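One structure below.
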Amino acid sequence: MKLLIRITILLVFIIGSFYYLSHHRIEEKKMDGVIVTDKIHPSYEGEYYIEIKSEEEKTLITLRVKSEEIWELIKVGERYDVEYAWYGNEKAYVKSITYTKP
Numbered sequence: 529m530k531l532l533i534r535i536t537i538l539l540v541f542i543i544g545s546f547y548y549l550s551h552h553r554i555e556e557k558k559m560d561g562v563i564v565t566d567k568i569h570p571s572y573e574g575e576y577y578i579e580i581k582s583e584e585e586k587t588l589i590t591l592r593v594k595s596e597e598i599w600e601l602i603k604v605g606e607r608y609d610v611e612y613a614w615y616g617n618e619k620a621y622v623k624s625i626t627y628t629k630p
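Sequential numbering from 529 applies to the sequence shown in our numbering.
Listed below in structure tokens is the structure:
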């Protein structure tokens, strides 16, 4: 009986550690040649966002831009190479963005 309780506690600890560590792991992705389809600035949040669309994935991805100055330089309809990151339930944010000639 004591062995069963110890094994159960050990399994709960291992599974809990796995979920805790995977939640705080930073995920990164790089996409080349994406098109910026929209720029969003909700006045009540004070944050800046862009929507990008990849030709391969055909999905819209909303990314947070941490700096207003960088957000102002990004042009809608232009192609960029974008590297972004996120972790857990946080919103994805732009790590680097580079203009790409068409």
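Even glycine gets a Cβ: it sits at the ideal position worked out from N, Cα and C. Computed from a prediction, not measured in an experiment: that's the story for all the values here.
Going along the chain, which residues of its own chain have a beta-carbon closer than 6 Å to the beta-carbon of residue i, five neighbours each way excluded?
{"i": "Tyr-548", "result": "none"}
{"i": "Ile-625", "result": "Tyr-608, Val-610"}
Taking C-alpha atoms, which residue in the options lies nearest to residue i?
{"i": "Lys-581", "options": "Met-559, Ile-625, Tyr-615", "result": "Met-559"}
{"i": "Ile-473", "options": "Ile-543, Tyr-572, Thr-590", "result": "The structure shown does not extend to residue 473, since the chain is modelled only from 529 through 630, so no value can be given for it."}
{"i": "Ile-588", "options": "Lys-567, Gly-574, Lys-594", "result": "Per the sequence shown, residue 588 should be read as Leu rather than Ile. Here the closest residue by C-alpha is Lys-567."}
{"i": "Tyr-621", "options": "Lys-530, Ile-598, Gly-561, Arg-534", "result": "Ile-598"}
What residues match up with residue i in a beta bridge as DSSP calls it?
{"i": "Thr-628", "result": "BP columns for Thr-628 are empty, so no partner."}
{"i": "Trp-614", "result": "Glu-555"}
I'd like to check one pair, residue j with residue i: are the Cβ atoms closer than 8 Å?
{"i": "Arg-592", "j": "Lys-619", "result": "yes"}
{"i": "Ala-613", "j": "Glu-575", "result": "no"}
{"i": "Val-562", "j": "Val-604", "result": "no"}
{"i": "Arg-534", "j": "Tyr-615", "result": "no"}
Could you check how far apart the C-beta atoms of residue i and residue j are, in whole angstroms? I think they sit under 8 Å.
{"i": "Lys-627", "j": "Glu-606", "result": "The sequence given here has Tyr at residue 627, not Lys. Confirmed, Cβ separation roughly 7 Å."}
Using a Cβ-Cβ cut-off of 8 Å (strictly less than) and excluding sequence neighbours within five positions of residue i, which residues of its own chain qualify?
{"i": "Pro-630", "result": "Arg-607"}
{"i": "Ile-602", "result": "Val-564, Lys-567, Ile-578, Val-593, Tyr-608, Ile-625"}
For residue i, which residues of its own chain have a beta-carbon under 7 Å away from its beta-carbon, when the five flanking residues on both sides are left out?
{"i": "Lys-557", "result": "Tyr-612"}
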